[in-house]
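Residues 19 to 986 (our numbering) make up the sequence shown, in order.
Glycine included, every Cβ here is placed at the ideal spot set by N, Cα and C.
Just so you know, these numbers come straight off a predicted model, no measurement behind them.
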Amino acid sequence: MALVWMYTSLLIFHFSFLKPSRALRNYPENEVTLLDSMSALGDLGWEAYPPEGWEEISVMDERNTPMRSYQVCNVMEANQNNWLRTRHIARDGAQRVYVEIKFTLRDCNSLPGVPGTCKETFNMFYYESNNPSLWFIKESQYVKIDTIAADESFTQTDVGDRVMKLNTEVRDIGNLSKKGFYLAFQDVGACIALVSVRVFYKRCPAAVLNLARFPDTVTGGDSALVEVHGACVDDSEEVEAPRMYCSADGGWLVPIGRCACRPGFEESKDHCQPCSPGTYKAAASDEYCSKCPPHSHAHQETADECTCESGFYRSRADTPAMACTKPPSAPENPVYTLNDTSVSLEWDPPQDGGGRGDVTYDVRCRKCPGDGRKCSPCGSGVRFLPRQLGLTSPRVLVSDLLADTNYSFSVEAVNGVSDLSPTARQQVTVNITTGQTVSVILKERKSKDSVTLAWHGPDRPDGAIVEYEVIYYEKNQRDQNYTVLKTKATVMTVEGLKPGTTYVFRVRARTDGGYGSYGGEIELETSHEDMLAIGDPNQSTILVVSVAGGVVLLIFLVACFVVSGRHCGYIKAKQDPDEEKVQRGRVKLPGSKTYIHPHTYEDPNQAIRDFAKEIDASCIRIERVIGAGEFGEVCSGRLKLPSKREIYVAIKSLKAGYTEKQRRDFLSEASIMGQFDHPNIIRLEGVVTKCKPVMIITEYMENGSLDTFLKKNDGRFTVIQLVGILRGIASGMKYLSDMSYVHRDLAARNILVNSNLVCKVSDFGLSRVLEDDPEAAYTTRGGKIPIRWTAPEAIAYRKFTSASDVWSYGIVMWEVMSYGERPYWEMSNQDVIKAIDEGYRLPAPMDCPVVLHQLMLNCWEKGRSDRPKFGQIVNTLDKLIRNPSSLKDLANVSTPDLSVGTVDEWLDAIRMGQYKENFASAGYVTLDAILYISLSELSKMGVTLVGHQKKILSGVQSLHAQGSQVQV
Numbered sequence: 019m020a021l022v023w024m025y026t027s028l029l030i031f032h033f034s035f036l037k038p039s040r041a042l043r044n045y046p047e048n049e050v051t052l053l054d055s056m057s058a059l060g061d062l063g064w065e066a067y068p069p070e071g072w073e074e075i076s077v078m079d080e081r082n083t084p085m086r087s088y089q090v091c092n093v094m095e096a097n098q099n100n101w102l103r104t105r106h107i108a109r110d111g112a113q114r115v116y117v118e119i120k121f122t123l124r125d126c127n128s129l130p131g132v133p134g135t136c137k138e139t140f141n142m143f144y145y146e147s148n149n150p151s152l153w154f155i156k157e158s159q160y161v162k163i164d165t166i167a168a169d170e171s172f173t174q175t176d177v178g179d180r181v182m183k184l185n186t187e188v189r190d191i192g193n194l195s196k197k198g199f200y201l202a203f204q205d206v207g208a209c210i211a212l213v214s215v216r217v218f219y220k221r222c223p224a225a226v227l228n229l230a231r232f233p234d235t236v237t238g239g240d241s242a243l244v245e246v247h248g249a250c251v252d253d254s255e256e257v258e259a260p261r262m263y264c265s266a267d268g269g270w271l272v273p274i275g276r277c278a279c280r281p282g283f284e285e286s287k288d289h290c291q292p293c294s295p296g297t298y299k300a301a302a303s304d305e306y307c308s309k310c311p312p313h314s315h316a317h318q319e320t321a322d323e324c325t326c327e328s329g330f331y332r333s334r335a336d337t338p339a340m341a342c343t344k345p346p347s348a349p350e351n352p353v354y355t356l357n358d359t360s361v362s363l364e365w366d367p368p369q370d371g372g373g374r375g376d377v378t379y380d381v382r383c384r385k386c387p388g389d390g391r392k393c394s395p396c397g398s399g400v401r402f403l404p405r406q407l408g409l410t411s412p413r414v415l416v417s418d419l420l421a422d423t424n425y426s427f428s429v430e431a432v433n434g435v436s437d438l439s440p441t442a443r444q445q446v447t448v449n450i451t452t453g454q455t456v457s458v459i460l461k462e463r464k465s466k467d468s469v470t471l472a473w474h475g476p477d478r479p480d481g482a483i484v485e486y487e488v489i490y491y492e493k494n495q496r497d498q499n500y501t502v503l504k505t506k507a508t509v510m511t512v513e514g515l516k517p518g519t520t521y522v523f524r525v526r527a528r529t530d531g532g533y534g535s536y537g538g539e540i541e542l543e544t545s546h547e548d549m550l551a552i553g554d555p556n557q558s559t560i561l562v563v564s565v566a567g568g569v570v571l572l573i574f575l576v577a578c579f580v581v582s583g584r585h586c587g588y589i590k591a592k593q594d595p596d597e598e599k600v601q602r603g604r605v606k607l608p609g610s611k612t613y614i615h616p617h618t619y620e621d622p623n624q625a626i627r628d629f630a631k632e633i634d635a636s637c638i639r640i641e642r643v644i645g646a647g648e649f650g651e652v653c654s655g656r657l658k659l660p661s662k663r664e665i666y667v668a669i670k671s672l673k674a675g676y677t678e679k680q681r682r683d684f685l686s687e688a689s690i691m692g693q694f695d696h697p698n699i700i701r702l703e704g705v706v707t708k709c710k711p712v713m714i715i716t717e718y719m720e721n722g723s724l725d726t727f728l729k730k731n732d733g734r735f736t737v738i739q740l741v742g743i744l745r746g747i748a749s750g751m752k753y754l755s756d757m758s759y760v761h762r763d764l765a766a767r768n769i770l771v772n773s774n775l776v777c778k779v780s781d782f783g784l785s786r787v788l789e790d791d792p793e794a795a796y797t798t799r800g801g802k803i804p805i806r807w808t809a810p811e812a813i814a815y816r817k818f819t820s821a822s823d824v825w826s827y828g829i830v831m832w833e834v835m836s837y838g839e840r841p842y843w844e845m846s847n848q849d850v851i852k853a854i855d856e857g858y859r860l861p862a863p864m865d866c867p868v869v870l871h872q873l874m875l876n877c878w879e880k881g882r883s884d885r886p887k888f889g890q891i892v893n894t895l896d897k898l899i900r901n902p903s904s905l906k907d908l909a910n911v912s913t914p915d916l917s918v919g920t921v922d923e924w925l926d927a928i929r930m931g932q933y934k935e936n937f938a939s940a941g942y943v944t945l946d947a948i949l950y951i952s953l954s955e956l957s958k959m960g961v962t963l964v965g966h967q968k969k970i971l972s973g974v975q976s977l978h979a980q981g982s983q984v985q986v
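As structure tokens, this is what we get:
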């Protein structure tokens with residue numbers, strides 16, 4: 019008994035020396051403690067049987083607060099069976115719990131006189147129960163958790179030297195289903211002190227991501243992920259159903275979907291805040307609140323649209339981002355040209371268009387009798403060319419008017435808000451009197467080649483008569499040939515006529531206001547011999563003709579006007595980029611956004627204005643250079659727009675001395691990028707074109723390109739995380755495919771990664787030219803597209819489609835699963851083309867699941883129609899994320915055939931030939947020498963990539979397994 023007391027005293031002394039502190043016990047956020055023996059201020063109240071076994075002891079911490087623990091040291095007696103059982107522990111809904119124990123254990127060899135039955139281990143058990151007050155549990159009812167051994171045991175010397183070691187062990191209990199459980203510790207003859215027992219479970223702590231709130235979530239009972247659907251934060255709405263997966267270790271994985279602040283609110287960290295007075299947000303798709311446009315205001319918070327000032331309006335077609343406008347002023351400087359019963363009106367546009375570019379003109383016609391009666395509408399008999407209302411050009415031809423009639427024409431300028439204004443429209447008025455007919459008195463003198471005509475002018479001419487016009491032609495031959503003569507007199511002799519031929523004559527007057535109407539047709543026949551002079555009473559004939567008429571020339575003039583109008587319209591269409599782009603280059607998908615190719619614009623600058631926002635260079639602060647491209651430097655910096663918070667951005671600049679073509683090619687990428695809006699597509703912030711240097715501003719992606727990022731983090735991600743990366747890329751490509759946009763350059767180097775590991779598709783260059791050299795690659799403005807990323811039909815026939823992008827996506831999958839390894843390794847481009855044509859496809863990377871490699875092979879089908887669509891790829895990856903067990907079967911678990919004779923051949927066989935010099939320099943020149951190579955040795959040799967280390971060690975294991983085939 020004296021020895022037992024001495025050993026027990028040593029335990030107590032050792033434990034009191036440790037003095038664990040409550041203040042230091044800060045546990046991770048994702049752990050929820052169910053039991054902590056160190057937090058008990060009184061007796062723990064655990065059951066010990068037999069009573070002389072486990073003993074509860076108390077020590078003081080640094081604050082002199084008693085702390086409870088248990089010890090046992092019955093090492094002098096054989097056949098020990100000492101049990102210690104906790105109180106009932108409620109599991110709080112957890113399916114898997116963890117037990118952390120801290121203990122000290124005495125080395126049996128340091129106990130003199132102790133029999134051989136001394137142990138250095140003890141057992142841990144549990145029993146599930148819905149009853150919180152059981153007083154007895156049979157030993158056979160317990161389920162064993164594990165046998166616990168100490169990593170460090172102490173001796174008498176340790177106590178004397180005060181060198182103490184505390185052991186910590188953690189075990190888990192899975193698939194719990196009842197209300198709670200009991201823990202039990204069995205001692206079978208060891209000298210132990212249980213310093214601390216903590217029972218906890220893991221959870222994914224509440225989080226807010228993409229404006230979606232995810233609650234505290236208890237992890238699953240096994241290694242499966244728990245899918246959790248998020249709820250949008252206050253004042254936000256769902257864009258795509260947000261969800262994440264809670265992993266077994268209490269971490270959130272694979273965020274999918276997002277919410278957006280509803281109109282009137284903007285994002286601020288993880289919540290939505292109201293738009294301040296003077297700002298607004300019209301749609302959830304808008305990221306931030308914007309300052310009210312001109313002539314509008316928002317006096318209150320949460321405005322989704324700014325109210326127009328008095329006298330200003332916004333039409334139904336106007337977006338809330340457009341300035342409020344007003345009706346235009348009246349047209350100015352009207353002029354007219356009278357031609358018989360037709361009037362050509364022209365005028366100048368109004369000085370004030372009301373702030374809009376959609377000004378059109380309406381022409382009103384009224385007929386005024388002139389006898390004191392009121393004017394009345396002209397009626398449907400009057401024709402307007404090209405039309406009466408909605409004229410886009412400041413001119414119109416009015417025909418089919420009545421002769422010798424007073425008309426009043428008013429011209430109104432109209433824009434998109436004219437109908438909203440209560441005030442009368444501004445107009446300009448023109449009063450016109452149509453021309454009168456000429457009374458003709460004809461005296462005929464017999465002559466074989468001439469006729470003399472005399473006439474009276476109009477009774478009430480519209481202004482001073484400038485001249486008269488005489489038209490004549492041979493009867494029945496008007497369409498073939500006619501002659502026009504002009505004179506200021508009221509008499510004319512027409513000479514040079516054919517003898518014995520009938521002619522038709524017509525006369526009209528021209529005043530300051532234009533031409534009047536032709537008189538009626540007069541038919542005269544020349545004689546075969548000379549006739550008497552004018553005034554001969556025997557041979558003269560007096561004719562008085564007053565006719566209203568002239569149809570043929572009027573039709574001719576109208577036709578000329580229409581032709582001229584069409585010509586002008588054609589010229590305008592060529593000059594108007596909006597009309598030009600409507601007619602060409604537009605691809606419309608049902609239910610989807612329209613993508614417009616920038617090359618369809620006759621003016622490339624118009625494409626920039628349509629799709630990219632102009633940014634003032636003073637809002638940009640360049641901080642450092644992060645790269646260089648074909649056109650200039652790429653920098654990182656900050657963008658601070660008025661009324662918006664400062665954000666980090668990437669800045670591409672166009673180097674000095676550029677040509678106009680280089681500028682157009684440089685900005686064409688922004689014209690494309692500005693049409694896209696998707697969380698997995700790089701976002702364009704705007705451009706700087708009005709000063710030098712010309713710049714393209716995009717969101718900043720902290721982790722750079724995906725291929726470089728993967729190489730730096732080789733082997734550090736779980737398969738689920740890699741699948742999440744692939745899912746994001748596929749989602750972005752599905753968006754592009756739905757818009758009928760073909761990327762043509764999809765590769766890991768053109769995928770950018772931000773700080774949240776969200777991958778975004780980038781590099782939207784246009785030029786794709788295959789060089790004649792078979793070793794060459796496609797040439798683009800951004801660099802080279804190697805053959806090894808390109809589909810066979812694109813190489814052979816330049817057939818770039820979404821299906822060829824799917825082929826490239828399969829190569830990206832291979833890059834991701836191999837952590838950025840070069841596709842087809844060191845094969846030349848010519849060898850790659852030949853191998854693919856012969857049916858060769860890339861093998862599965864190391865540790866790649868079978869289902870992912872099969873998806874790659876589906877993307878590499880030779881027939882374009884046999885490849886999956888991007889929508890199908892996204893659905894497949896979603897299913898894999900929801901069912902992680904489907905990723906357990908690996909594609910390359912079989913042992914490779916390594917019948918090799920040298921280290922170099924072995925390295926080539928496992929595709930690690932780049933390390934031949936490393937192995938030779940380290941002295942590994944025979945196969946038997948590498949059979950026992952260690953991880954530390956590989957690091958010393960310069961093999962630092964985790965993936966390459968795994969591949970080499972896996973190759974060593976294969977050599978062990980096939981030792982009979984190795985030729986040493």
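Exposed or buried, what is residue i when buried is set at 16 or more other beta-carbons lying within 10 Å of its beta-carbon?
i, result
"Leu503", "exposed"
"Trp843", "exposed"
"Pro133", "exposed"
"Val705", "buried"
"Ser57", "exposed"
"Gly919", "exposed"
"Lys752", "buried"
Residue i and residue j: beta carbons closer than 8 Å?
i, j, result
"Ala431", "Pro352", "no"
"Val834", "Ile891", "no"
"Phe199", "Met142", "no"
"Asp732", "Leu963", "yes"
"Glu73", "Val188", "no"
"Tyr263", "Glu245", "yes"
"Ala316", "Cys326", "no"
"Ala218", "Leu102", "The displayed chain sequence assigns Phe, not Ala, to residue 218. Not closer than 8 Å, so no."
"Arg401", "Asp422", "no"
Could you have a look at residue i and say whether DSSP puts it in helix, strand or coil?
i, result
"His966", "helix"
"Thr337", "coil"
"Leu905", "helix"
"His474", "strand"
"Asp1015", "Any property of residue 1015 remains undetermined from this structure, which presents the chain solely from 19 to 986."
"Phe203", "strand"
"His289", "strand"
"His871", "helix"
DSSP has residue i in a bridge; who is on the other side?
i, result
"Asn449", "Ser426"
"Cys250", "Ala230"
Touch test, the region 874-882 against the region 215-230, Cβ-Cβ under 8 Å, three pairs minimum: no
How about the region 208-220 and the region 251-259: do they share at least three Cβ pairs that are nearer than 8 Å? no
Would you call the region 771-778 in contact with the region 718-731, where contact means no fewer than 3 C-beta pairs closer than 8 Å? yes
Tell me whether the region 399-419 and the region 361-380 touch, counting them as touching only if at least three CB pairs, one residue from each stretch, are closer than 8 Å. yes
Can you confirm whether the region 385-404 touches the region 413-426 when touching is taken to mean that 3 or more C-beta pairs between the two stretches lie within less than 8 Å? yes
Mind the definition here: the region 934-943 touches the region 296-304 only if three or more C-beta pairs lie below 8 Å; say whether that holds. no
Inspect the CB distances between the region 856-864 and the region 814-822 and report whether three or more fall short of 8 Å. no
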